[in-house]
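Taking our numbering, the leading residue of the sequence shown gets 13, the next gets one more, and so forth. Each residue gets a CB set at the ideal place from its N, CA and C atoms; glycine is no exception. Note sheet for the following structure.
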Amino acid sequence: DECFHFVITARKLAEAFYTPVIVLTDANLATGQTSFPMPEPNEDWLSPPVDQSPWKEGVAPYAWDQETGLSRRPVPGQAGGAFVLTGLTHDENSHIAYESAINQQSMRMRSRKMAALQKTLKPPEVHGDLEGDLLVVGWGSTRSAIDEAVDRIRKDGRKVGSLCLRILSPMEPGLKEIFARYKRVMTIEINYSDDLSDPLIDEENRRYAQLAWLLRAHTLVDVDCWSRVPGQPLPPWMIEEAVRGRLEGIK
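Encoded structure:
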């Protein structure tokens, strides 16, 4: 049911922050079938109403708010709201511009919008132990399998937690603080990564799985990874084996 509701969230984000939102999925989510209770329509699903009041005279179509990077959106037929959509770098009046300062300002405002969006997000919830030996991070269809593997390992007394990321750009807040509560952090992913035991592979040339790369760059934490590309879902027992293997090196 999260797939259903998150499409609604994606549309609301696109409407609120005037930005494209890509709903990233994997093959298992895209082709999987399951049943869930019929959702009741809710007004929270709706985006904020579009302001169609007459455009204020003298206000530019792209009068960016310097704090949030947002500007009011003209809509077709709005009195005084005519503007030009160029697809190119433009000034606040929607005129094509080639000045380097305007190009820099445009990029700054787009980035500011992402910062404003990130400030509305909540830290991801941790499943299992809130601190301890190892945190396992995943996204998409691996969530249930990771949580099940973590639950099995916790029964043996190991302090292990897991979390599933739902938004990757901008990153959900608080990740670095969450990671700091564990001795090690690793990702479980359905894509390719090298093992240090492979021929020619060492710490300098090892290829990490994609989410691990992203988290390492974002948090500057030494995030490890385990991944496979079997062409089918990762079963909990396989993830459990991988996590137990990482725990052997943690005292």
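Notebook entry, point to check: In three-state terms, what does DSSP make of THR38?
Noted result: The residue labelled residue 38 in the question sits at position 26 within the sequence shown. One detail in the question is off: residue 38 reads as Asp in this sequence, not Thr. Correct three-state label for ASP38: coil.
Next item on the list: With DSSP as the reference, please indicate the residues paired to THR199 in a beta bridge.
Entry: Along the sequence shown, one-based indexing puts residue 199 at 187. According to DSSP, which records beta bridges pairwise, THR199 is partnered with VAL149, CYS237.
Note to self: Using C-beta distances below 7 Å, list every residue in its chain close to TRP249, excluding the 5 sequence neighbours before and after it, in chain order.
What the structure shows: For this step, residue 249 is matched to residue 237 along the sequence shown. Counting only Cβ-Cβ distances below 7 Å, and skipping sequence neighbours, we find nothing.
Item checked: Pick from SER209, LEU133, SER205 that is closest to GLN222, judged by C-alpha positions -> In the sequence shown, residue 222 corresponds to position 210, counting from 1. Of SER209, LEU133, SER205, the residue nearest in Cα terms is SER205.
Item checked: Assigned secondary structure, VAL172 (DSSP; H/G/I helix, E/B strand, else coil) -> On the sequence shown, residue 172 is found 160 positions in, with the first residue counted as 1. Correct three-state label for VAL172: strand.
Check: Would you call the segment 196–204 and the segment 237–248 touching, i.e. three or more CB-CB distances under 8 Å?
Finding: yes
Next item on the list: Consider the C-beta atom of ARG219 and the heavy atoms of the ligand HEM; say whether any pair is separated by less than 7 Å.
Entry: In the structure on display, the ligand HEM does not appear, and there are no ligands present to speak of.
Checklist line | GLY261 to SER118 span [Cα, whole Å] | finding: Translated into the one-based positions of the sequence shown, residue 261 becomes position 249. Translated into the one-based positions of the sequence shown, residue 118 becomes position 106. Taking the straight line from one Cα to the other gives about 48 Å.
Margin query: I need the straight-line Cα distance from LYS134 to ALA127, nearest angstrom please.
Written below: Your numbering for residue 134 matches position 122 in the sequence shown. Your numbering for residue 127 matches position 115 in the sequence shown. Approximately 13 Å, taken between the alpha carbons.
Next item on the list: Within its chain, find whatever has a CB closer than 8 Å to the CB of ASP272; leave out the 5 residues flanking it on each side and keep chain order.
Entry: What the structure shows of the chain is the stretch from 13 to 263, and residue 272 is not part of that stretch, so it cannot be assessed.
Margin query: Please give the ranges of any alpha helix (DSSP H) in the segment 20–96, keeping only runs that are unbroken, at least 4 residues long and fully inside the region.
Written below: 39–43
Next item on the list: Report the residue from PRO185, PRO49, GLY70, LYS131 whose alpha carbon sits nearest the alpha carbon of HIS230.
Entry: Working through the sequence shown from its first residue, we reach residue 230 at position 218. Comparing Cα positions, the closest option is PRO185.
Note to self: For the structure I just gave you, are there three or more beta carbon pairs, one from the segment 68–80 and one from the segment 92–111, closer than 8 Å?
What the structure shows: yes
Next item on the list: Assign ASP48 to buried or exposed, taking buried as 16 or more other Cβ atoms, counted over all protein chains shown, within 10 Å of its Cβ.
Entry: By one-based count along the sequence shown, residue 48 stands at place 36. In the sequence on display, residue 48 carries Phe and not Asp. With fewer than 16 Cβ atoms within 10 Å of its Cβ, PHE48 is classed as exposed.
Notebook entry, point to check: Any idea what DSSP makes of HIS230, helix, strand or coil?
Noted result: Within the sequence shown, the letter at position 218 stands for residue 230. In this structure, HIS230 counts as helix in the three-state DSSP scheme.
Next item on the list: Whole angstroms is fine: what's the gap from GLN64's alpha carbon to LEU25's?
Entry: As a first step, residue 64 must be located in the sequence shown, where it is residue number 52. As a first step, residue 25 must be located in the sequence shown, where it is residue number 13. Answer to the nearest angstrom: the Cα atoms are 19 Å apart.
Item checked: DSSP state of ILE213 mapped onto helix, strand, coil -> On the sequence shown, residue 213 is found 201 positions in, with the first residue counted as 1. It is coil, neither helix nor strand.
Checklist line | Helix, strand or coil at LEU223 [DSSP, three-state] | finding: The residue you call residue 223 lines up with position 211 of the sequence shown. Of the three classes helix, strand and coil, the one that applies to LEU223 here is helix, per DSSP.
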